[in-house]
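Here is the structure we will look at, set down as structure tokens.
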Amino acid sequence: MESRNNSPGGRLKEMVAVARNCYRLIIEYPWLAPPQPGQFVQLRWHRGTDPLLRRPFSIHRADCRRGELWLLIQVAGRGTADLVERGTPGMELDILGPLGRSFPHLEEEGLALLLGGGVGLAPLLFLAEERRRRGLPFRWLIGGAGADLLPPPEYFLSLGLSPQFVTEDGSLGEKGLATDLLQRFLEEERPSRVHACGPVPMLATAAKLCRQFRVPCHLSLESFMACGVGACQGCVVPIRHGEKVEYRRVCLEGPVFDGEVVDFEQWPGIDP
């Protein structure tokens with residue numbers, strides 16, 4: 123499908139539920155340029171004007187040889203609900219991407235800790251598979267409110283991955299918060315780097331803990347995006363630059379930022 127801005131199209135090959143309100147999409151996309159873990163695509167699935175804007179989704183997996191793109195989406199509003207309702211095999215999709223900056227230091231040999239909260243695990247799935255492919259060590263902690271909101275352990279095992287789980291209600295893995303496990307891991311194993319994606323409160327706590335233990339961390343931030351290419355300035359986040367606070371675009375300068383410079387004190391409702 124060609125959109126008005128001539129972005130190339132793909133076709134939905136498969137959509138399956140992997141958790142409550144969480145779906146895995148496999149898209150046939152022969153024009154796929156090799157993406158890096160942490161990048162995303164902007165997706166549109168109809169020719170009408172409602173919903174008007176594309177929606178951003180982190181890349182879960184990519185196979186350029188087969189021309190396949192995997193996404194993990196959570197129904198969080200009218201747009202994603204419409205996508206799930208319309209989604210049938212063969213549906214044409216308007217795709218822009220891959221976009222954004224990826225997780226850095228992909229070849230670093232030290233032990234990396236991956237911290238995912240909720241559907242924020244999507245870019246970390248890509249990162250985990252890439253580190254495994256390169257033979258690099260990593261540990262993975264995944265947190266959520268309950269087991270029904272996370273893909274089951276079997277889903278990860280089918281990809282050759284075995285993360286450690288923690289849920290607020292104790293229905294999967296330990297009972298508690300993902301950041302509780304993060305603190306314990308930082309105390310006991312001291313990874314060389316932390317990569318995290320998830321809700322903003324979790325990321326704020328993760329950044330604070332990493333500063334406390336002097337461990338570098340990189341955070342994949344989520345934000346509403348209109349254009350996805352930096353033109354509309356609608357997805358800016360506060361970043362410390364020396365004594366000043368500047369605003370950077372999640373779609374262009376991000377979505378992955380150095381956790382040391384993200385100014386969570388400027389985020390509404392966050393107590394860093």
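For the sequence shown, this note's numbering begins at 123 and goes up steadily by one. Don't be surprised by glycine CBs; every beta carbon is placed ideally from N, CA and C. Here the structure is a predicted model, which means the values were calculated and not measured.
- Within the segment 303-340, complete alpha helix (DSSP H) segments of at least 4 residues are found at 322-335, given in chain order.
- CA-CA distance, residue 248 to residue 255, rounds to 11 Å.
- For residue 358, the beta-bridge partners assigned by DSSP are 371.
- Residue 347 has no beta-bridge partner at all, per DSSP.
- Take the alpha-carbon of residue 331 and the one of residue 150: they are about 40 Å apart.
- Here residue 287 carries a strand assignment [DSSP, helix/strand/coil].
- A distance below 6 Å between beta-carbons, with the five flanking residues on each side excluded, links residue 303 to the following residues of its chain, in chain order: 263 and 288.
- In the DSSP annotation of this structure, the continuous segment of the alpha helix (DSSP H) that includes residue 251 starts and ends at 244-256.
- Around the beta carbon of residue 245, 16 or more other beta carbons sit within 10 angstroms, so the residue counts as buried.
- Taking the CA atoms as reference points, residue 371 sits about 4 Å from residue 358.
- Segment contact: the segment 129-144 against the segment 257-272, three or more CB-CB distances shorter than 8 Å; contact assigned.
- The straight-line gap separating the alpha-carbon atoms of residue 374 and residue 347 is approximately 11 Å.
- If you compare the alpha carbons of 164, 224 and 159 with that of residue 182, the shortest gap goes to 159.
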